[in-house]
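In my numbering, each residue carries its 1-based index in the sequence shown increased by 1301.
All C-beta atoms in this analysis are idealised placements derived from N, C-alpha and C, irrespective of residue type, glycine included.
None of the values given here were measured: they were computed from a predicted structure.
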Amino acid sequence: MKRPVYSKLRSLYAPTQRGSGFDREEPSHRGLVVTFCILASCVLWFAFSMQETYTQIIELPTEVRNLPMDKALIQEPPTSVLIQVEGEGVQILRLYYNPPTIPIDVSVGDVDMFLVAPDVLNNVSLQTVTPRQISLSLDDRITRRVPVEARVDVQFEPGHQMIGGISVIPDSIAISGAQSIVESIRAWPTKTRNIGSLSDSLNAVIELSDSLSGLLNLNASEVRVQADIQEFTEGRRSVKVRVTGADDGQTVTFVPETVNVVYQVPLSQYDASMDAEDFFVFVPYADILRDDQGRVYPMLHPPEGLEIRRYRLDPDFLGYYDTRNER
């Protein structure tokens, strides 16, 4: 009965039998010979294989050259092309692991890649190039400043809010490129970034978008975004209702005369909001003249320089007595 191949190979590396025992410290010379033969055959096979002729498709990078300083591309050409070549295995292997760059000469206009590619290929025969024809469109180069648009999504810890908006430093950048492209851009965005669970002021560096990096040059690659984030608390005040826009001597009495205001304010501004004299509720006299139901709706006049938010008035409507038209 024939032994399996695995058993035959295993016997080659088994310890050499001597007398009645086994010497497990001395390796089998037969195993070393077989290992050497296998390695030598692999080397010979690879060497002969590399001398054979093969056909292979390889991707090669491209590079735009001879672009005038006062001109810019309107459309970015392909960053790579696919070529099909025929040649010895060793030449194709060298081409695959060390691909040369195919130049795209702007001064030529329409570039036939089948005519250009052979200049960078050695010892192989070029069969096809895809794409074969590359057309380059140019426009006058201009430079223009545009505002930076911060694409930042900010989340806050409970009880915290942002005061004002997000400021960007610098707030504008200079972009340079084809006139038809530059003039169509109104703002340049940052990369989208989500920032969550903030309880303190925002101060972060964010990269600018590189969506048109092949066509436009920017004088900056990143900006700093800042925002004032503070903890808010609830304030309560009872204030007297005023009438605005009334004629001299005109008297209006509201029912009730005071309104309770419940509002959100930064913790740092709480005391100022409680003491501010220009914190009041008012009703425009024009609303009284237009009223035909006997009720008006007061509005809050927040103190200047204070962040008063999410306020509610209790009651939210009032009755009134007008000396010329009692309700």
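Determine, using beta carbons only, whether glycine 1388 comes closer than 8 Å to chain B. Judged by its chain identifiers, the structure shown contains no chain B, having just a single protein chain.
My assumption, with CB atoms under 8 Å, is that threonine 1559 sits in contact with valine 1540. Please give the rounded CB distance.
6 Å
Problem - Uninterrupted beta strand (DSSP E) stretches inside the stretch 1529 to 1566 (no shorter than 3 residues) - result: 1553 to 1556
What's the gap between the Cα of glutamate 1389 and the Cα of glutamine 1428? 14 Å
task: Please state if the CB of leucine 1614 and the CB of valine 1556 are separated by a distance shorter than 8 Å.
output: no
For this session: Report the rounded CA-to-CA distance for isoleucine 1467 versus serine 1477, giving the unit in angstroms.
Result: 26 Å
Alanine 1521: beta carbon under 7 Å from a heavy atom of the ligand FAD? This structure does not include the ligand FAD; it has no bound ligands of any sort.
Per DSSP, what are the beta-bridge partners of lysine 1372 in this structure? Asp1441
| Could you check where the alpha helix (DSSP H) with arginine 1452 kicks off and where it finishes? | Here arginine 1452 belongs to no alpha helix (DSSP H), and DSSP marks it neither H nor E.
* Range covered by the beta strand (DSSP E) that runs through isoleucine 1486 -> Run containing isoleucine 1486: none; DSSP gives neither H nor E here.
Exercise for the section: In the DSSP assignment, find the unbroken beta strand (DSSP E) run with glycine 1595 in it and report its ends. Expected result: Segment: none, glycine 1595 is in no beta strand (DSSP E) and carries neither H nor E.
Q. Which first and last residues belong to the alpha helix (DSSP H) in which isoleucine 1393 is found?
A. According to the DSSP assignment, isoleucine 1393 belongs to the alpha helix (DSSP H) that extends over 1390 to 1398.
Which residue marks the beginning of the alpha helix (DSSP H) containing serine 1477, and which one marks its end?
Element bounds for serine 1477: not the alpha helix (DSSP H) but the beta strand (DSSP E), 1473 to 1479.
Quiz prompt | Between the CA atoms of valine 1447 and isoleucine 1486 - distance to the nearest angstrom | solution = 8 Å
- Query: Touching or not, the stretch 1493 to 1510 and the stretch 1437 to 1445, by the rule of three or more beta carbon pairs under 8 Å?
  - Reply: no
Would the beta-carbon of lysine 1372 fall within 8 Å of that of aspartate 1472? no
Range of the contiguous alpha helix (DSSP H) that encloses leucine 1279
As displayed, the chain neither begins before 1302 nor continues past 1628, which places residue 1279 out of reach and without an answer.
Three-state secondary structure assigned by DSSP to threonine 1356
strand
Can you tell which of Leu1374, Met1463 and Val1483 has the C-alpha that lies nearest to the C-alpha of proline 1567? Met1463
**Prompt:** Do you know offhand how far arginine 1537's Cα is from proline 1459's?
**Reply:** 20 Å
Going by CA-CA distance only, name the one from Ala1475, Leu1619, Tyr1564 and Arg1433 that's closest to tryptophan 1489. Ala1475
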